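Trainee: Residue numbers for the sequence shown, in the working numbering: 1114 to 1533.
Just dropping this structure here.
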Amino acid sequence: MPKKFIFSLVLISSLSFIALNSHAAAWVKLSENKTSKLSIDKQSILEKDKLKRAWVKIEYKTPQKNLEFPDKEYNQAKLLWYFDCDSQKSAAAQVFQYLDTTLVHSAAIDIKNAEFIEPVPETEFDRAMRYTCARKNRAQTSAPKANPPATQAPAKTDTSPKPSSESGSVTAPPAPPPVVEKSADAPAPEPENEAAHSAHWSYEGKAGPKEWGKLKPEFATCDTGKNQSPIDIDSAIDADLRPLKTLQKFPVKDIVNNGHTIQANFKDGNNLILDNIVFKLKQVHFHTPSENTIKGKAFAMEAHFVHADSKGNLAVIGVMFNEGKANTGVEKLWKQMPKAIDKPVNIISRILPSEMMPKNLDYYRFNGSLTTPPCSEGVRWIVIKTPLTASKAQIEAFRNIMKHHNNRPVQDINGRIIVE
Ligand SMILES: [Zn+2]
């Protein structure tokens, strides 16, 4: 329990019950250092009213003093933490402190009154939040809908917020952590709305690339544009281009399956300097096979690093992948690749853009467009000459999630020149 963290607790009147821990909790160790070990009960993770919550256990190597009652010492704390994954804030709702196996203190707060704060990076709160937010809760993944689990949560272990009464009394769970499996409360799995997505545009059939321009007036540029992407990079003019200037120190924040591609959004801070303009790296997404081709050759996969300047102008860096050795960045991303559409998943591991870019950043440059509707033009395109590799399994994993190829065919180059 971070000592700095202060929240108003209501002391539970009865401390007489003993800690029972016979529920089917599944403690997973998240971290351990010289002073403490942090675990989370992954069975307890639940999403409700846009909040995720989980029981967390901190085992201390030396006894800690209770901040409010310094005569009380404890070496283990079990806490019910709530996480607002969208705003990356958290709050504690219930606390149980034990000395060995004896409960010495417990407290609870109505989560509706709790102050949600941004956890200090790398604290227990932060680690538990990243883990919880990245996980699908049990009710959504494994609980069979028609067949609610027989295990009932013990009475009153429902940790859903209840308005606290004037007297401040709270209903305390007799045995944290409870296994909360009340199917009535559990959010039903949301249907994947891929059909709705592909109704707009797709890579095949009636809403395929040849039809994009006719699907909606806003998509007309897909048909009428003269600087469309992707292209075949056939003959380039040697222009003695300046080396690419990038800053790539900030990791991926979350990953989303938007039905057309898998997109990883970056934390702010990564930049590309082009034409003396600062473009901020927003996201990377993938296409199989590659969209741009080089001298007629298509690659197994292409990553697009999308950058935007302060006016909304775009610069995209394309990186090609041949089939070969696995890519570490892709590996970490794919571990959390979401199947469900438009449900971003927070990334636990640290993934830097540089892991998906070669060291040698020699490039081709040309003008182009978005390769998806509305096919807007005026995009600065950079395609890195040196390809990376991704394993066959990595490429197939992506294709299996997408269920189809997701590359727009190459477009006419018209009057454009490519420089290198
Ligand atoms: Zn793309």
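Cβ atoms here follow ideal geometry from the backbone N, Cα and C, with glycine treated the same way.
Treat the numbers as computed from the prediction; the structure is a model and nothing was measured.
1. Could you name the residues of the same chain whose beta carbon sits closer than 6 Å to that of N1370, not counting the 5 residues immediately before and after it, in chain order?
2. Where DSSP assigns a beta bridge to K1161, which residues make up the other side?
3. Please state whether DSSP places Y1244 in a helix, a strand or coil.
4. For P1287 and D1199, what's the separation of their Cα atoms in angstroms?
5. What does the shell around ligand 1 hold, if a residue joins when its beta-carbon is under 6 Å from any heavy atom?
6. Label A1167 either buried or exposed according to how many other C-beta atoms from any shown protein chain fall within 10 Å of its C-beta, with 16 as the threshold for buried.
7. Does the beta carbon of K1424 fall short of 8 Å from some heavy atom of ligand 2?
8. In chain order, what residues of the same chain have a beta carbon less than 6 Å from the beta carbon of K1142, not counting five sequence neighbours either side?
9. What does a CB cutoff of less than 6 Å around K1395 pick up in its chain, not counting 5 residues either side in sequence?
10. Taking K1448 as part of the alpha helix (DSSP H), name the residues at either end of that continuous run.
11. Helix, strand or coil for N1436 per DSSP?
12. Does the stretch 1220-1231 come within contact of the stretch 1184-1204, defined as at least 3 CB pairs closer than 8 Å?
13. Considering only DSSP beta bridges, list what F1392 is partnered with.
14. I need the straight-line Cα distance from G1437 to T1502, nearest angstrom please.
15. So, with DSSP's three-state summary, where would you put L1357?
16. Assuming Q1376 is part of the beta strand (DSSP E), what are its boundary residues?
Mentor: Short version:
1. Hits under 6 Å: P1451, I1454.
2. Under DSSP, K1161 shares a beta bridge with L1164.
3. Y1244: helix per DSSP, three-state reduction.
4. Because P1287 carries a pLDDT of 38, less than 50, the predicted location of this residue cannot be relied on, and no value is offered for it.
5. These are the residues, in chain order, with a beta carbon less than 6 Å from any non-hydrogen atom of ligand 1: H1398, H1400, H1417, T1484.
6. Residue burial annotation: A1167 is buried, with at least 16 other C-beta atoms found within 10 angstroms of its C-beta.
7. The model depicted lacks ligand 2 and carries ligand 1 instead.
8. So the list reads S1152, once near-sequence residues are dropped.
9. Within its own chain, the residues whose Cβ lies closer than 6 Å to the Cβ of K1395, once the five positions on either side in sequence are excluded, are V1419, A1421, listed in chain order.
10. Here the alpha helix (DSSP H) through K1448 covers 1441-1448.
11. As written in the sequence, residue 1436 is Glu, which differs from the Asn given in the question. The answer is strand: DSSP assigns E1436 an E or B state.
12. Contact between the stretch 1220-1231 and the stretch 1184-1204 is present: 3 or more CB-CB pairs across the two stretches fall below 8 Å.
13. For F1392, which the question treats as bridged, DSSP gives the partners L1385.
14. So the alpha carbons of these two residues sit roughly 5 Å apart.
15. Here L1357 sits in coil by DSSP.
16. 1375-1379 is the span of the beta strand (DSSP E), which, as asked, contains Q1376.
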